[in-house]
Structure formats: structure tokens, C-alpha cells
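One structure below.
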Amino acid sequence: CWYDLHAVPQDIDLLVIDGPPWALNPFIRGRAEQLFDRVVPGGIVLLEPVSGMETYPLKTAADALAIIARVKDEHGVDNVKLLADFYHLAVNGDDVPAVIAGHAAEFGHIQIADAPGRGEPGTGDLPLAQWIADAQAGGYSGYIGLEYKATQAEPFAWLND
3 CWYDLHAVPQ
13 DIDLLVIDGP
23 PWALNPFIRG
33 RAEQLFDRVV
43 PGGIVLLEPV
53 SGMETYPLKT
63 AADALAIIAR
73 VKDEHGVDNV
83 KLLADFYHLA
93 VNGDDVPAVI
103 AGHAAEFGHI
113 QIADAPGRGE
123 PGTGDLPLAQ
133 WIADAQAGGY
143 SGYIGLEYKA
153 TQAEPFAWLN
163 D
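Mind the numbering: the sequence shown is residues 3 to 163 in the working numbering, read in order.
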């Protein structure tokens with residue numbers, strides 16, 4: 003769909019842009035960048051690498067961080083941040099400890115799920131507690147989002163471990 007960016011309401015809270023690979027062409031990308039000028043001043047924009055969507059262009063932290071750097075350089079904004087979803091980063095083969103070590107202070111938000119299976123912490127192989135501790139030691143002070151599929155009768159039992 004094509005939208006007149008001048009008609010975007012001033013009080014918009016969330017805008018999600020998704021589309022096929024051709025959505026990355028320069029004209030469409032330029033229109034999206036115009037949107038940064040309208041949306042970014044009032045809040046934080048999070049870019050999230052995700053897994054399981056072949057045509058989604060952001061697979062790794064480096065993919066998102068490159069866009070964040072470009073937006074900062076070209077638009078002078080500093081509130082476009084990485085949404086570090088440890089599940090997606092790990093499933094996509096990203097070096098999560100290196101991402102944390104190099105960029106924790108730049109995270110806008112963290113989300114977790116264990117892998118394989120996308121269950122609660124402790125149901126897979128990811129060292130989520132260590133990664134969270136490392137991110138906090140590296141300067142992240144925000145919330146941790148829980149984005150897992152509960153597999154146990156007590157889905158928060160892992161908090162007591």
C-alpha cells in the first residue's frame with residue numbers, strides 16, 4: 003500500500019512496515035526514511051532481526067546496526083535502537099556473546115526465548131541468564147521481554163532456579 007506520509011497522524015504510537023523483497027527499492031526505502039523524520043522525534047524506534055521469515059531483510063544484529071548507523075548519520079537521530087531478541091539472533095547463527103560485548107549499551111530492548119523450541123529459559127540450550135547478566139554488565143538497563151511458548155504448567159518456574 004502507498005500512503006501519503008504527510009497524512010500520518012502526529013500521535014501515532016506504532017508503525018510496522020513489512021513487505022516483499024521489492025520493498026527495499028530506493029524509492030520505497032526513501033519514503034520509509036521520510037517516515038523516520040516524522041515518527042522518531044517522539045519516541046524510540048526498535049529494529050529487530052528475526053528468524054523464520056525468508057524474505058525479511060534483517061537476520062543479524064549487524065544487519066540492524068548498519069541501518070541504525072545510517073539513519074543516525076543521515077538523519078541525525080539517536081533514538082533508533084537494536085531490539086536484541088536473543089532467540090532470533092541465536093537461531094540465525096549470530097554470535098550473541100560478541101553482539102552483547104560490543105553493543106549491550108546500545109540495546110533498546112531485550113527479548114528472550116530458549117532454543118531449540120522457543121520455550122521458556124531452561125528448556126533449550128541457550129545460556130540466557132548469562133547473556134542477560136552480560137548485557138546488564140555491558141550497560142543495558144532496560145526491561146527483559148519474555149517471548150516464549152510456555153511448555154510447562156508453571157511457565158515462570160525458571161525464575162526460581
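All residues carry an ideal CB built from backbone N, CA and C; glycine is no exception.
Between the CA atoms of A152 and N81 - distance to the nearest angstrom: Walking along the sequence shown from the start, residue 81 turns up at place 79. Walking along the sequence shown from the start, residue 152 turns up at place 150. Spanning the two alpha carbons is a distance of roughly 32 Å.
Boundaries (first-last residue) of the beta strand (DSSP E) holding Q113: Along the sequence shown, read from residue 1 onward, the residue named residue 113 stands at position 111. From DSSP, the beta strand (DSSP E) with Q113 extends over F109 to I114.
Within 8 Å, strictly: CB atoms of A63 and D116: Walking along the sequence shown from the start, residue 63 turns up at place 61. Walking along the sequence shown from the start, residue 116 turns up at place 114. No. Outside cutoff.
Of the residues S53, L85, E149 and I70, the one placed nearest Y142, counting alpha carbons only: Mapped onto the sequence shown, residue 142 falls at position 140. Checked all of S53, L85, E149 and I70; the closest Cα to Y142 is L85.
In DSSP terms, what L84 is bridged to: Taking the sequence shown and counting its residues from 1, the one referred to as residue 84 is at position 82. In DSSP, L84 forms a bridge with L49 and F109.
Beta-carbon separation (whole angstroms), P118 vs G126, contact threshold 8 Å: Taking the first residue of the sequence shown as position 1, residue 118 is located at position 116. Taking the first residue of the sequence shown as position 1, residue 126 is located at position 124. Indeed, because the Cβ distance is near 5 Å, the residues count as touching under 8 Å.
Check whether P51 and A68 have beta carbons under 8 Å apart: Within the sequence shown, residue 51 is the residue found at index 49, counting from 1. Within the sequence shown, residue 68 is the residue found at index 66, counting from 1. Taking a C-beta distance under 8 Å as the contact criterion, P51 and A68 do not qualify as a contact pair.
Counted within 10 angstroms of its Cβ, other Cβ atoms place I114 as buried (16 or more) or exposed: The sequence position of residue 114 within the sequence shown is 112, counting from 1. I114 comes out buried.
Residue from G78, R72 and H90 with nearest C-alpha to K61: Taking the first residue of the sequence shown as position 1, residue 61 is located at position 59. Here the closest residue by C-alpha is H90.
Beta-carbon spacing of D75, A106 below 8 Å: Stepping through the sequence shown from its first residue, residue 75 is reached at position 73. Stepping through the sequence shown from its first residue, residue 106 is reached at position 104. Result no, Cβ atoms of D75 and A106 do not sit closer than 8 Å.
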